[in-house]
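Enquirer: Below you will find the structure I want to go over with you.
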Amino acid sequence: MRLEDYQPYSFELESTDLTFDIRADHTDVESTTSFRRKNDEQNELELDGIDLELLSIAIDNRPLTSNEYSVDSTKLSIVDLPERFKLTIQTRIYPQANTALEGLYRSGDLYCTQCEAEGFRKITYYPDRPDVQSKFTTTLVADSGQFGVMLANGNLIRDEITSDNRRRVTWVDPFNKPSYLFALVAGNLAVLEDNFTTLSGRNIALRIYSEPHNIDACTHAMESLKRAMAWDESAFGREYDLDTFMIVAVEDFNMGAMENKGLNIFNTSCVLASPSTATDAAYLRVEGVVAHEYFHNWSGNRVTCRDWFQLSLKEGFTVFRDSEFSAAMNSRNVKRIQDVDVLRTAQFAEDASPLAHPVRPTSYIEISNFYTTTIYEKGAEVVRMLSTMLGQDNFRSATDLYFDRHDGGAATTEDFVVAMEDVSGVNLDRFRNWYSQAGTPVIEVEESRINDLITLHLKQSCPPSPNQPSKSTFHIPISIGLISIDGQDALGQAGAANGFDIHVHTDLNFENPNADGTLAFHFDCEETTITISGVPPKSVVSFLRGFSAPVNVTFPRSNTDLLHLATLDTDGFVRWDAAQKILGSTITTPASDTQFAKALLQKLSRSAVSAADDGETKALLASAMTLPSTLYVLDQNPGRDVIELDGGRDRLLSEMGIALEDSWEEIVNQNISDSPYHADGISIARRSLSHLAMDYLGAGLEKRGPGTAWDLYYDLYRRCDNLTDRLFAFSRLLRLEASLAEKKSVVIQDFHDRFNASALVTDKWFSVQAGCKVSGTLPRIVELATHPEFDLQNPNRARALLSTFATVNHREFHRSDGKSYTFLADQILKLDSLNPQLASRVCIPLTRWQRFDSGRQERMKDSLERIQRDCQSKDLREVTQKSLVA
Ligand SMILES: [Zn+2]
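So the number in the numbering used here is just where the residue sits in the sequence shown, counting from 1, plus 834.
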């Protein structure tokens, strides 16, 4: 599929009526759609359809004979059509045999749908493209008494028992929508009900459905939904439009959740939250995903995408919206650091790989492969840069204009940028390169200093990507501050208020939007110079504040300057980033001097001991003291031995554990709590700080002799009342020395039996073992893949074992004999015949081979070649082909 081949559809759809007759071993679908031809020349109707049994087809109630239409494995075509006509098609489908989880399928006893991106064509023949919209009426018919709950988009208008003792319900959605937003659910579900009054005083019924034994775990999702509805009104002026809003929790689901109009369908992992079955991270994730899907009602549903090349129009914008919401509800600094961490490890790696693609791709083979961190996370960064450059008020006016202009329509990323330009007058010509060019730009900074004059020389470049050997200049917003010796923000109005007399000279446009000591520059040329005069002695430049652009920065600086920033900068991101740099460089040089790492952790741990009991401060300190991930360190040093780097990380952890033992102990004692579990900001921050300190402490204790670290973790495991603590302790216990094998197997059994009723906790039981980075664990992973509770057909379970193993357990996954790669490839090929979409996702870690040393590269490519040779789906074929080209 190519962006340049886009053609508007030749017909308009006036209405779509669907009837689903659900039987034990099949479902019959009757669709009646009213078409109107838009121009006289185009007189061939093409409908998408895959894996359908065509029972009958009629135009204006006249059945067609087989020579009046043609049908192949993906399309149905009809020619010689009147200007207006009503097309009725009957198809038969088999939801219980649908293991790909696209279209209508069964999850346990529940029937549900997943239509984005191209699942609707597995339900009936239809123009399955986002720019074709219609009003849908949906009728579900099943044996009465079979399903307590039968739902579809919109409002319920009829619920009756027919003469042949079947239940028949009809839902009408008054809004036009594309087929990918269609949804239905039928099952025996419990419901949690609540309501919300909108800004204009309308009362909305809110319903969350789940299996009866999980309904108590839905209250956090309901509270999150109400907060999201209120926030979207105040932050973006967006009000909900239907009378009811429904969420259904489903166990077998390929993605996180889906924003179907008025009837969101969620993976249970993104709805359910109770203290004993969900971690702090899961609580935050539920809040974020509930908000994300709700926000789509405007950024996605009311204004949808013209074609799938524009996917980031709805996803990038909505991720930006949900991340602003989470920042407002929790800690803004910590949310930003977490987002940047994900971006730099996952998206930057994608950008540097043969699978790199622009935020608005120009071609694809299988659209499911494009639900990537580039479309989502980098897409959100692009929107964030626009909001930074326009400032809060202009950005809000521009989003208002965008929603007004395109309400009810299908738009492009270009439409979004034009709305930003029209409101602000900022020229965004070069900014558009963020949408069309793949790859992570690099900014090289050179600083020179003479007396009170600092000169910063900036140069931008971007490495080549597939089909893009050279790149045009990007328009990059760069936020800069200056931290004085006593930690004051010295730039701009904030600096003037502190008595500093500083002047900035450059050819770039710049402004001080928040008057908080941060200057925002428009860096839209290849090279430039910024000079700052009147600089107070020993001040340090704070660069790329708030991570103002998704770029790699090379800025040679002394550890003294980094230490200054890591402990004194008022910008949370720069503090964390400076700390990561000190700790990262200590990890990569094995015999290195640990003096700066120690000085840093000493200062930060002392701050943590004396910190006020405030969530924001404690959470930020916990982030700043966390060692950078092995993969991040590897990406900064491509080609290095991953196991050696992982070992370097562990060594630094134990060395600092011993050197600062008293501080860690004090932090643990201060922050560990015996009061009942709460998922509020301060409690979450205390737990993350105490876990961090226990990590250092335990690593130090391990060096003292067997058994000492066991007690530290086992004590927490035994007495805690929540999954966050228990899972942390469980995972640390399993990493301890081999001589504790017997004790470990007792804990493994205990954890298993304790929560066996919860599928989500059983997922964790698999993932902790899969992620347990101890050499020689492959046989256990293989054993788990044949465990009676392992199920490749359940995406959560498959990801818990396979994706965790491949992305977390560096030591065993990257063993030098390549046996783990072979194991993963075997599993991927098995999965391919069941669920191609999922198989292609699980394959991603292998496609990141470029970051590893040459021996591992060869073995990873061997496995990719085997997958390419033996796979059946176009999903896997595209991913393996592209990743092997480079
Ligand atoms: Zn989304």
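Think of the CB as a built atom: it goes at the ideal place given N, C-alpha and C, for glycine as much as any other residue.
Small disclaimer: the values here were computed from a predicted structure and weren't measured.
Alpha carbon to alpha carbon, how far is R1264 from C1359? Give it in angstroms, no decimals.
Expert: Counting from 1 along the sequence shown, the entry for residue 1359 is found at position 525. Counting from 1 along the sequence shown, the entry for residue 1264 is found at position 430. Distance between the alpha carbons of C1359 and R1264: 9 Å.
Enquirer: Over what stretch of residues does the alpha helix (DSSP H) that includes K1708 continue unbroken?
Expert: Position 874 of the sequence shown holds residue 1708. Taken as a continuous stretch (DSSP letters only), the alpha helix (DSSP H) holding K1708 covers 1708-1719.
Enquirer: Can you list, in chain order, the residues of its chain with a C-beta nearer than 8 Å to that of S1717? Leave out the 5 residues immediately preceding and following it.
Expert: As a working mapping, residue 1717 is identified with position 883 in the sequence shown. S1187, P1188, L1189, L1680, T1681, W1683, L1698, listed in sequence order.
Enquirer: In terms of alpha-carbon separation, which member of T1656, T1641, D1651, R1645 lies closest to R1675?
Expert: For the purposes of this step, residue 1675 is taken as residue 841 along the sequence shown, with counting starting at 1. Answer by Cα proximity: T1641.
Enquirer: Is there contact here, the region 1407-1417 with the region 1456-1473, by at least three beta-carbon pairs under 8 Å?
Expert: As far as the Cβ criterion goes, the region 1407-1417 touches the region 1456-1473, which means the pair count is three or higher.
Enquirer: How close, in whole Å, do the beta carbons of N1101 and V1084 come, if the pair is a contact with beta carbons under 8 Å?
Expert: What you label residue 1101 is simply residue 267 of the sequence shown in a count that begins at 1. What you label residue 1084 is simply residue 250 of the sequence shown in a count that begins at 1. Sure, about 7 Å apart at Cβ, within 8 Å.
Enquirer: Have a look at R1631 and L1710 and give me their C-alpha separation to the nearest angstrom.
Expert: On the sequence shown, residue 1631 is found 797 positions in, with the first residue counted as 1. On the sequence shown, residue 1710 is found 876 positions in, with the first residue counted as 1. Distance between the alpha carbons of R1631 and L1710: 20 Å.
Enquirer: Expressed to the nearest angstrom, what Euclidean distance is found between the alpha-carbon atoms of S1160 and G1090?
Expert: In the sequence shown, counting from the first residue as 1, residue 1160 sits at position 326. In the sequence shown, counting from the first residue as 1, residue 1090 sits at position 256. Near 17 Å, if we compare the C-alpha coordinates of G1090 and S1160.
Enquirer: Evaluate contact between the region 1065-1076 and the region 1027-1046, counting only Cβ atoms and requiring at least three cross-stretch pairs below 8 Å.
Expert: Segments in contact, yes.
Enquirer: Do S1295 and V1276 come within 8 Å of each other at the CB atom, strictly closer than that value?
Expert: Taking the sequence shown and counting its residues from 1, one reaches residue 1276 at position 442. Taking the sequence shown and counting its residues from 1, one reaches residue 1295 at position 461. Cβ atoms of V1276 and S1295: closer than 8 Å.
Enquirer: Relative to the C-alpha of Y1117, which residue among I1518, H1525, A1634, L1568 is closest?
Expert: As a first step, residue 1117 must be located in the sequence shown, where it is residue number 283. That would be I1518, whose Cα lies nearest to the Cα of Y1117.
Enquirer: Should E1121 be counted as a contact of ligand 1 given a C-beta to heavy atom distance under 7 Å?
Expert: On the sequence shown, position 287 is the one that residue 1121 refers to. Checking the Cβ of E1121 against ligand 1 gives no.
Enquirer: Short check: CB of L847 to CB of S968, under 8 Å?
Expert: On the sequence shown, residue 847 is found 13 positions in, with the first residue counted as 1. On the sequence shown, residue 968 is found 134 positions in, with the first residue counted as 1. Their beta carbons are under 8 Å apart, which means L847 touches S968 by this criterion.
Enquirer: Compare the C-alpha of R940 against each of V1019, F1182, D1549, E1536 and name the closest.
Expert: Translated into positions along the sequence shown, residue 940 becomes position 106. Taking only the C-alpha atoms, the option nearest R940 is V1019.
Enquirer: Quick one, which of S900, L915, N895, D855 has its alpha-carbon nearest N873's?
Expert: Reading the sequence shown from its first residue, position 39 is the one you call residue 873. Among S900, L915, N895, D855, the Cα nearest to that of N873 belongs to L915.
Enquirer: What are the uninterrupted segments assigned as alpha helix (DSSP H) that are 4 or more residues long and contained completely in the region 1415-1487, given in chain order?
Expert: With a minimum length of 4 residues, the continuous alpha helix (DSSP H) runs that stay inside the region 1415-1487 are 1429-1444, 1449-1459, 1464-1470.
Enquirer: By the 10 Å Cβ neighbour count, where 16 or more other Cβ atoms means buried, how is P1384 classified, buried or exposed?
Expert: In the sequence shown, residue 1384 corresponds to position 550, counting from 1. P1384 comes out buried.
Enquirer: To which residues does DSSP link V983 through a beta bridge?
Expert: Translated into the one-based positions of the sequence shown, residue 983 becomes position 149. In the DSSP output, where bridge partners are listed per residue, V983 has G1021.
Enquirer: Using the beta-carbon count (16 or more within 10 Å), is K1664 buried or exposed?
Expert: Counting from 1 along the sequence shown, the entry for residue 1664 is found at position 830. The residue in question, K1664, is exposed, as its Cβ has fewer than 16 Cβ neighbours within 10 Å.
Enquirer: Taking the straight line between their C-alpha atoms, what separation do you get for Y1014 and P897?
Expert: By one-based count along the sequence shown, residue 1014 stands at place 180. By one-based count along the sequence shown, residue 897 stands at place 63. When rounded, the distance between both Cα atoms is 28 Å.
Enquirer: Nearest to A1107 by CA position, among S1270, L1487, L1594, D943, is which residue?
Expert: The sequence position of residue 1107 within the sequence shown is 273, counting from 1. It is L1594.
Enquirer: Looking only at its own chain, which residues have a Cβ that is under 6 Å from the Cβ of A1533, when we skip the five neighbours before and after it?
Expert: Locating residue 1533 in the sequence shown gives position 699, counting from the first residue. L1487, S1488, G1491.
Enquirer: So M984 packs on V1003, CB below 8 Å; how close in whole Å?
Expert: In the sequence shown, residue 984 corresponds to position 150, counting from 1. In the sequence shown, residue 1003 corresponds to position 169, counting from 1. So it is a contact: roughly 5 Å between Cβ atoms.
Enquirer: Buried or exposed: where does P1371 fall if 16 or more other Cβ atoms within 10 Å of its Cβ makes it buried?
Expert: Indexing the sequence shown from 1 puts residue 1371 at position 537. Flag for P1371 reads exposed.
Enquirer: DSSP has W1005 in a bridge; who is on the other side?
Expert: Stepping through the sequence shown from its first residue, residue 1005 is reached at position 171. In DSSP, W1005 forms a bridge with T972, L990.
Enquirer: If you follow the alpha helix (DSSP H) that R1170 is part of, which residue opens it and which one closes it?
Expert: Looking up residue 1170 in the sequence shown gives position 336. Segment 1166-1176, the alpha helix (DSSP H) holding R1170.
Enquirer: So for F1308, helix, strand or coil by DSSP?
Expert: Position 474 of the sequence shown, counted from the first residue, corresponds to residue 1308. Three-state result, F1308: coil.
Enquirer: Buried or exposed: where does I1421 fall if 16 or more other Cβ atoms within 10 Å of its Cβ makes it buried?
Expert: Looking up residue 1421 in the sequence shown gives position 587. Buried.
Enquirer: Can you tell me the Cα-Cα spacing of D1286 and D1508, whole angstroms?
Expert: Translated into the one-based positions of the sequence shown, residue 1286 becomes position 452. Translated into the one-based positions of the sequence shown, residue 1508 becomes position 674. About 53 Å.
Enquirer: Please report the straight-line C-alpha distance between D1114 and G1689, rounded to a whole angstrom.
Expert: If you number the sequence shown from 1, residue 1114 lands on position 280. If you number the sequence shown from 1, residue 1689 lands on position 855. The straight-line gap from Cα to Cα measures roughly 39 Å.
Enquirer: Give the straight-line distance between the Cα atoms of F1562 and T1596, rounded to the nearest whole angstrom.
Expert: The sequence position of residue 1562 within the sequence shown is 728, counting from 1. The sequence position of residue 1596 within the sequence shown is 762, counting from 1. Computed Cα separation, rounded: 15 Å.
Enquirer: Helix, strand or coil: which one does DSSP assign to H1512?
Expert: Position 678 of the sequence shown holds residue 1512. Coil, per DSSP.
Enquirer: Where A1345 and L1353 are concerned, what is the direct C-alpha to C-alpha distance, given to the nearest angstrom?
Expert: For the purposes of this step, residue 1345 is taken as residue 511 along the sequence shown, with counting starting at 1. For the purposes of this step, residue 1353 is taken as residue 519 along the sequence shown, with counting starting at 1. The sequence given here places Glu at residue 1345; Ala does not occur at that position. Answer to the nearest angstrom: the Cα atoms are 6 Å apart.
Enquirer: Would you kindly report the start and end of the unbroken beta strand (DSSP E) that includes R1727?
Expert: No answer is possible for residue 1727: it lies beyond the span of the chain, which begins at 835 and ends at 1720.
Enquirer: Mind checking P1724: buried by the 16 CB within 10 Å criterion, or exposed?
Expert: What is shown of the chain runs 835 to 1720, which leaves residue 1724 out entirely.
Enquirer: Near H1723, which residues of its chain fall below 6 Å by C-beta distance, leaving aside the five closest residues on each side in sequence?
Expert: Because residue 1723 is not part of the residues shown, which for the chain are 835 to 1720, the question remains open.
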